[in-house]
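*Asks:* At position 31 of the sequence shown the residue is numbered 31 (full-length UniProt numbering), and the sequence of numbers has no breaks.
Glycine included, each C-beta is placed from N, C-alpha and C at the ideal position.
Below is the structure I would like to discuss, written out as structure tokens.
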Amino acid sequence: MGLWTSSTLPLYIKHPICDYQLHTHLFENPNQINPNQAMVVEFLLVSLLLSPIVVSGYKSEDVKSWCSQTPYPQPCEYFLSHKPDHSPIKQKSDFLKISMQLALERALRAESNTYSLGSKCRNELEKTAWSDCLKLYEYTILRLNKTVDPNTKCSQVDSQTWLSTALTNLETCRAGFVELGVSDYLLPLMSNNVSKLISNTLSLNKVPYTEPSYKEGFPTWVKPGDRKLLQSSSPASQANIVVAKDGSGDYTTITAAVSAASKRSGTGRYVIYVKAGTYNENIEIGAKLKNIMLLGDGIGKTIITGSKSVGGGSTTFNSATVAAVGDGFIGRGLTIRNTAGAANHQAVALRSGSDLSVFYQCSFEGYQDTLYVHSERQFYREYLKSVQSSVKTYLGRPWKEYSRTVFMKTYLDSLINPAGWMEWSGNFALKTLYYGEYMNTGPGSSTSNRVNWAGYHVITSSSEASKFTVGNFIAGNSWLPATNVPFTSGL
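Given below as structure tokens:
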């Protein structure tokens, strides 16, 4: 059973007369939404966004000029021309802010529309996919709201990460209906331009590549003591809550401990120590639960297990035994397992959408989509075991368009098929993917017989490879040193 919580969060709506900070309830369990609350939110949004005070939008010449620079100019032109505002768009930074605000406003409307479609679900499969979408829209709004919030002080890299996450959420929503074979009815009713508007914003928020700095630093949001938790020989002594199957702790289930953590005051590091044992439950670290650490007694000792799967009626997104969404999550000394079996198709052990998260000395066990790195910046260390088998395998295959995977300075054993990479379905996504290999070693590292795809790259340039280092790709120098997890910043 997952954890269901609700909280009130501000949503920043730009109005031509004044700025409103609208507080709306974001629920992680759609079944607990109060219809009266939803009606109030919808009424407020309509009142704000359809105010009759201003009847004209941006100047048409401004709109056409700026929107022509985006990948989707038509929705850009339409919504900006109907957006009540007289201010001229003088520079790109102005247009970027307006585009972000527009994406947020349309996402709010789309969420309201998605909620209203719940009563139209014809069966449990549609309801499952719809429920995912409602949650994913809430996550999208949280990220867009954080991006436009003037108090966040986010960098261009932060914005790029959060906008990418928002786009990923909406694609995941669509994919759920397709996976369960129920995309014919409800999904078309949810059609909107939010994804295109976010894509436009992403194209405007280009982050120039710079060589990463290798000076170790400590982020201001992490307390000095936090970085010691991952290298401490006795981190359990710093636990806020203890979970034990035998009743020797504060709780006997992890779900109960996470629920208790949701009631804590503040957002400082909160350590949940889970003693050795097998815990048969599905855990969700919700979006509002920041800086949670699940600390176990080690791989194979503290085991969290579940069996949800696409074959069993769940979406890939919702099949996870452990789902971490709240920012700053840390997992250490855990085995996370999904026992659904190969016949049940996608069955996730861990799904992470937690920004600036770390998984150290953990193992993930399953059959398909075992580790679902859904979105955000994540770091994994010491979590794979050597496979003793003769079954040939591949480095990856493109589940979605624009799939991107790079292996650098990695030992590849003879289990790797000489082709290296495998198609998903014929020519699907072969032109949009980026698969790369750089200075790998071992009997499976030869690239002489690799696939001949447009998106496959044998990387020979150190400057190209540097784009995928810990220091640059996930901005590791700004937050990983504070965790004390060993890592190599550059090549």
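CA-CA distance, residue 139 and residue 333?
*Replies:* So the two alpha carbons sit approximately 28 angstroms from each other.
*Asks:* Would you kindly work out how many angstroms separate the C-alpha atoms of residue 288 and residue 152, rounded to a whole number?
*Replies:* Distance between the alpha carbons of residue 288 and residue 152 is about 16 angstroms.
*Asks:* Figure out for me which residue from 66, 392, 435 has the closest Cα to the Cα of residue 399.
*Replies:* Per the Cα distances, 435.
*Asks:* When DSSP labels each residue in this structure, what does residue 107 get in the three-state scheme?
*Replies:* Of the three classes helix, strand and coil, the one that applies to residue 107 here is helix, per DSSP.
*Asks:* Can you name, in chain order, every residue of its own chain whose Cβ lies under 8 angstroms from the Cβ of residue 96, other than the five neighbours on each side?
*Replies:* Cβ within range, chain order: 201, 204, 205.
*Asks:* Relative to the C-alpha of residue 291, which candidate in 275, 297, 331 has its C-alpha closest?
*Replies:* Out of 275, 297, 331, 331 has the C-alpha closest to the C-alpha of residue 291.
*Asks:* What do you reckon, is the C-beta of residue 461 under 8 angstroms from a heavy atom of the ligand GDP?
*Replies:* The model depicted lacks the ligand GDP and carries no ligand whatsoever.
*Asks:* Do residue 279 and residue 304 have their C-beta atoms within less than 9 angstroms of each other?
*Replies:* It is a contact, given that the beta carbons lie within the stated cut-off.
*Asks:* Could you tell me whether the Cβ atoms of residue 199 and residue 167 are closer together than 9 angstroms?
*Replies:* Closer than 9 angstroms, so yes.
*Asks:* Tell me whether the stretch 340-354 and the stretch 402-415 touch, counting them as touching only if at least three CB pairs, one residue from each stretch, are closer than 8 angstroms.
*Replies:* They do not touch, by the three-pair rule.
*Asks:* Can you pull the DSSP bridge partners for residue 350?
*Replies:* Answer is 322, 371.
*Asks:* Just mark residue 486 as buried or exposed, buried being the case when its beta carbon has 16 or more other beta carbons within 10 Å.
*Replies:* Exposed: under 16 other Cβ atoms inside 10 Å.
*Asks:* Does the stretch 74-91 come close enough to the stretch 174-181 to have 3 or more Cβ pairs within less than 8 angstroms?
*Replies:* Contact fails: fewer than three Cβ-Cβ distances are below 8 angstroms.
*Asks:* For the stretch 258-297, which segments carrying the beta strand (DSSP E) assignment without a break, of at least 3 residues, lie completely within its bounds, in sequence order?
*Replies:* Qualifying beta strand (DSSP E) stretches, in chain order: 270-274, 277-280, 283-285, 292-295.
*Asks:* Find out if the Cβ-Cβ distance for the pair residue 185, residue 126 is shorter than 9 angstroms.
*Replies:* Yes; because the gap between Cβ atoms is below 9 angstroms, this pair is in contact.
*Asks:* Can you give the Cα-Cα distance for residue 295 and residue 277, rounded to whole angstroms?
*Replies:* For residue 295 and residue 277, the distance between alpha carbons rounds to 13 angstroms.
*Asks:* Could you check the C-alpha separation between residue 244 and residue 365 for me, to the nearest Å?
*Replies:* The alpha-carbon atoms of residue 244 and residue 365 are separated by roughly 22 angstroms.
*Asks:* Return the CA-CA distance between residue 60 and residue 69, expressed in angstroms with no decimal places.
*Replies:* Between residue 60 and residue 69, the C-alpha separation is close to 15 angstroms.
*Asks:* Taking one C-beta from the stretch 98-107 and one from the stretch 187-198 each time, how about it: are there three or more such pairs within less than 8 angstroms?
*Replies:* Touching, yes, given that three or more Cβ pairs across the two stretches are closer than 8 angstroms.
*Asks:* According to DSSP, simplified to helix, strand and coil, what is residue 357?
*Replies:* If DSSP states are grouped into helix, strand and coil, residue 357 belongs with the strands.
*Asks:* Residue 240 to residue 261, Cα distance in whole Å?
*Replies:* If you take the alpha carbons of residue 240 and residue 261, they lie about 9 angstroms apart.
*Asks:* By how many angstroms is the C-alpha of residue 134 removed from the C-alpha of residue 142?
*Replies:* One C-alpha to the other measures close to 13 angstroms.
*Asks:* Across which residues does DSSP place residue 497 in a beta bridge pair?
*Replies:* This structure cannot settle anything about residue 497, because the visible part of the chain is limited to 1 through 491.
*Asks:* Would you say residue 445 and residue 415 are within 9 angstroms of each other, going by their C-beta atoms?
*Replies:* Against a cut-off of 9 angstroms, the Cβ pair of residue 415 and residue 445 comes out as no contact.
*Asks:* Relative to the C-alpha of residue 368, which candidate in 307, 425, 418 has its C-alpha closest?
*Replies:* If we check each option's Cα against that of residue 368, 307 comes out closest.
*Asks:* If residue 170 sits next to residue 117, beta carbons under 8 angstroms apart, how far is it from one beta carbon to the other, in whole angstroms?
*Replies:* Contact flag wrong, Cβ pair sits at about 15 angstroms.
*Asks:* Once the 5 residues before and after residue 257 are set aside, which same chain residues still bring their CB inside 6 angstroms of it?
*Replies:* Correct list, in chain order: 241, 243, 251, 272.
*Asks:* Give the DSSP-derived three-state secondary structure of residue 365 in the structure shown.
*Replies:* It is a strand residue.
*Asks:* Given this structure, state the Cα-to-Cα distance separating residue 433 from residue 452, to the nearest angstrom.
*Replies:* Roughly 13 angstroms between the two C-alpha positions.
*Asks:* Which residues in the same chain as residue 361 place their Cβ atom closer than 8 angstroms to its Cβ, once the five residues preceding and following it in sequence are excluded?
*Replies:* Cβ within range, chain order: 298, 299, 332, 333, 381, 382, 383.
*Asks:* On a Cα-Cα basis, can you pick out the residue from 254, 164, 263 that is closest to residue 283?
*Replies:* The candidate whose alpha carbon is nearest that of residue 283 is 254.
*Asks:* With distances taken from CA atoms, which of 476, 122, 488, 268 is nearest residue 158?
*Replies:* The residue with the shortest Cα to Cα distance from residue 158 is 476.
*Asks:* Looking at the strands, I want to know which residues DSSP matches up with residue 405.
*Replies:* DSSP, once it has assigned bridges, lists 435 as partnering residue 405.
*Asks:* Using a Cβ-Cβ cutoff of less than 7 angstroms, which residues in the same chain neighbour residue 266 once the five nearest sequence positions on both sides are dropped?
*Replies:* No residues qualify anywhere along the chain.
*Asks:* Quick one: what's got a C-beta closer than 8 angstroms to residue 447's C-beta in the same chain, skipping five residues either side?
*Replies:* So the qualifying residues of the chain are 420, 437, 458.
*Asks:* Alpha carbon to alpha carbon, what distance is there between residue 162 and residue 63?
*Replies:* Near 25 angstroms, if we compare the C-alpha coordinates of residue 162 and residue 63.
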